[in-house]
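Participant: Quick note on numbering: the sequence shown equals residues 35 to 290 in my numbering. Note that beta-carbon positions come from the ideal geometry of N, C-alpha and C, so glycine has one too.
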Amino acid sequence: LFNIEQKTASLERAIAQRLSSPPSRAIDILKAESIQIIARLKENLRQELNYGSAISITPTKAYFTYNLMVINIIVFIITITQGGSPNLETLNRFGAAIPNQIFADEPWRVVTANFLHAGFAHLITNLLGLWILGPYVEFYLGWLRYLIIYFGSGIGAIALFATVAVLSGGGEEPLVGASAAIMGLMGTTLVILWQGWRQDQSQIAQRKLRLVLIIIISQMFFDLTFPNVSFLGHFFGLLMGTILAIIVLSRRKKQL
Numbered sequence: 035l036f037n038i039e040q041k042t043a044s045l046e047r048a049i050a051q052r053l054s055s056p057p058s059r060a061i062d063i064l065k066a067e068s069i070q071i072i073a074r075l076k077e078n079l080r081q082e083l084n085y086g087s088a089i090s091i092t093p094t095k096a097y098f099t100y101n102l103m104v105i106n107i108i109v110f111i112i113t114i115t116q117g118g119s120p121n122l123e124t125l126n127r128f129g130a131a132i133p134n135q136i137f138a139d140e141p142w143r144v145v146t147a148n149f150l151h152a153g154f155a156h157l158i159t160n161l162l163g164l165w166i167l168g169p170y171v172e173f174y175l176g177w178l179r180y181l182i183i184y185f186g187s188g189i190g191a192i193a194l195f196a197t198v199a200v201l202s203g204g205g206e207e208p209l210v211g212a213s214a215a216i217m218g219l220m221g222t223t224l225v226i227l228w229q230g231w232r233q234d235q236s237q238i239a240q241r242k243l244r245l246v247l248i249i250i251i252s253q254m255f256f257d258l259t260f261p262n263v264s265f266l267g268h269f270f271g272l273l274m275g276t277i278l279a280i281i282v283l284s285r286r287k288k289q290l
């Protein structure tokens, strides 16, 4: 019993002494060089978190991206069971973006066309693009801003495409696919990395920015080479995503 009481008293004295003399702050005992090293490590970690996962297949908690992928797959399966996904009549029935019909009395086609795909290869290509680009943008901007840019790019690009098609006399040319929305995510990633490079002086953002530019140039070359791929649809998607990202990021900065 004596030993227990003695140990308890010693422990209480140690606690009281520790509370009366709190540990020194790191900034008060570290050398200037050590503080600078810690600051650089913190900045490198922040930049890695902000820009390191751009254009990546690293698993991320991106529930809205994965839900969009699932919706596209479900719609594709439905179109197969109703006549085949590459079938123009089936795509038209499910809401392909046909410019003349959009401006007649079916404006909803600018939305539905984003979830239709002309064949398995078309679907897989867009799912891969969404898987690579979506999680990063969703992580960086949050789900609401992410969905605004995704649907704003897809719907806006199809509306612009339809306008140009009607004005140029090509109002019967259909457009389907999530490509415009995905190119909008590409434009958003471009803006995020550009700001990271110019404002944060991030080397990670600079390296990723070069990769994005190479992908965009390659995509444009591919679009111009293959006649069945809509250059205008992709270009308008990229343009809409870039514009929306600039607006969203400027408002986000004001809120912060």
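1. For ALA155, which option in LEU125, THR197, ASN134 and PHE110 has the closest C-alpha, if you only look at C-alpha atoms?
2. Which of the three DSSP states is assigned to LEU150 in this structure?
3. From what residue to what residue does the alpha helix (DSSP H) around ILE114 run?
4. With DSSP as the reference, please indicate the residues paired to LEU209 in a beta bridge.
5. Contact defined as beta carbons within less than 8 Å: I believe VAL282 pairs with ILE183. What is the distance between those atoms, to the nearest angstrom?
6. Tell me, please, whether the region 90-107 touches the region 140-147 by the rule of three or more beta-carbon pairs shorter than 8 Å.
7. Helix, strand or coil, according to DSSP, for TRP142 in the structure here?
8. Please identify the residue among LEU201, LYS76, ILE49 and THR222 whose C-alpha is closest to the C-alpha of PRO169.
9. Just to confirm, are GLY271 and ALA214 a CB contact at a threshold of 8 Å?
10. In whole angstroms, give me the CA-to-CA distance for GLY153 and LEU162.
11. Just to confirm, is the Cβ distance from LEU224 to THR146 under 8 Å?
12. Just to confirm my understanding: we take LEU125, look at its own chain, exclude 5 residues before and 5 after, and list those with CB closer than 8 Å. What are they?
13. Check whether the Cβ atoms of GLY205 and TYR85 sit closer than 8 Å, and answer yes or no.
14. So, are the CB atoms of ALA193 and VAL144 less than 8 Å apart?
15. Where do the N-terminal and C-terminal ends of the alpha helix (DSSP H) with GLN237 fall, by residue?
16. How is the alpha helix (DSSP H) around GLY176 delimited, first residue to last?
17. Within a Cβ cutoff of 7 Å, which residues of the same chain sit near GLN116, ignoring the five residues on either side of it in sequence?
18. Among the residues of its own chain, which have a CB less than 7 Å from the CB of LEU266, if the five just before and after it don't count?
Facilitator: Reading it off the structure:
1. Here residue 155 refers to the residue found at position 121 of the sequence shown. Minimum Cα distance to ALA155 is reached at PHE110.
2. The residue labelled residue 150 in the question sits at position 116 within the sequence shown. It is coil, neither helix nor strand.
3. Your numbering for residue 114 matches position 80 in the sequence shown. Counting along the chain, ILE114 sits inside the alpha helix (DSSP H) bounded by residues 97-115.
4. Within the sequence shown, numbered from 1, the residue matching residue 209 stands at position 175. In DSSP, LEU209 forms a bridge with ALA131.
5. For the purposes of this step, residue 282 is taken as residue 248 along the sequence shown, with counting starting at 1. For the purposes of this step, residue 183 is taken as residue 149 along the sequence shown, with counting starting at 1. About 6 Å; that satisfies the 8 Å criterion.
6. Pairwise C-beta distances place the region 90-107 out of contact with the region 140-147, as fewer than three of them are shorter than 8 Å.
7. Stepping through the sequence shown from its first residue, residue 142 is reached at position 108. In the structure shown, TRP142 sits in coil (DSSP, three-state: anything other than H, G, I, E or B).
8. Here residue 169 corresponds to residue number 135 of the sequence shown, with the count starting at 1. Nearest option by C-alpha distance: THR222.
9. For the purposes of this step, residue 271 is taken as residue 237 along the sequence shown, with counting starting at 1. For the purposes of this step, residue 214 is taken as residue 180 along the sequence shown, with counting starting at 1. Contact flag set, yes.
10. Counting from 1 along the sequence shown, the entry for residue 153 is found at position 119. Counting from 1 along the sequence shown, the entry for residue 162 is found at position 128. Distance between the alpha carbons of GLY153 and LEU162: 15 Å.
11. Here residue 224 refers to the residue found at position 190 of the sequence shown. Here residue 146 refers to the residue found at position 112 of the sequence shown. Contact: no.
12. In the sequence shown, counting from the first residue as 1, residue 125 sits at position 91. THR113, SER119, LEU150, ALA152, PRO208 and VAL210.
13. As a first step, residue 205 is located in the sequence shown; it is residue number 171 there, counting from the start. As a first step, residue 85 is located in the sequence shown; it is residue number 51 there, counting from the start. Cβ distance not < 8 Å, so GLY205 and TYR85 don't count as in contact.
14. What you label residue 193 is simply residue 159 of the sequence shown in a count that begins at 1. What you label residue 144 is simply residue 110 of the sequence shown in a count that begins at 1. Contact: yes.
15. On the sequence shown, position 203 is the one that residue 237 refers to. Per DSSP, the continuous alpha helix (DSSP H) segment holding GLN237 begins and ends at 237-259.
16. Counted from its first residue, the sequence shown places residue 176 at position 142. Element bounds for GLY176: n/a, residue is neither H nor E.
17. As a working mapping, residue 116 is identified with position 82 in the sequence shown. If we look at GLN116 and ignore the five residues flanking it on each side, its Cβ neighbours are THR124.
18. Stepping through the sequence shown from its first residue, residue 266 is reached at position 232. Result list for LEU266: PHE195 and VAL198, in chain order.
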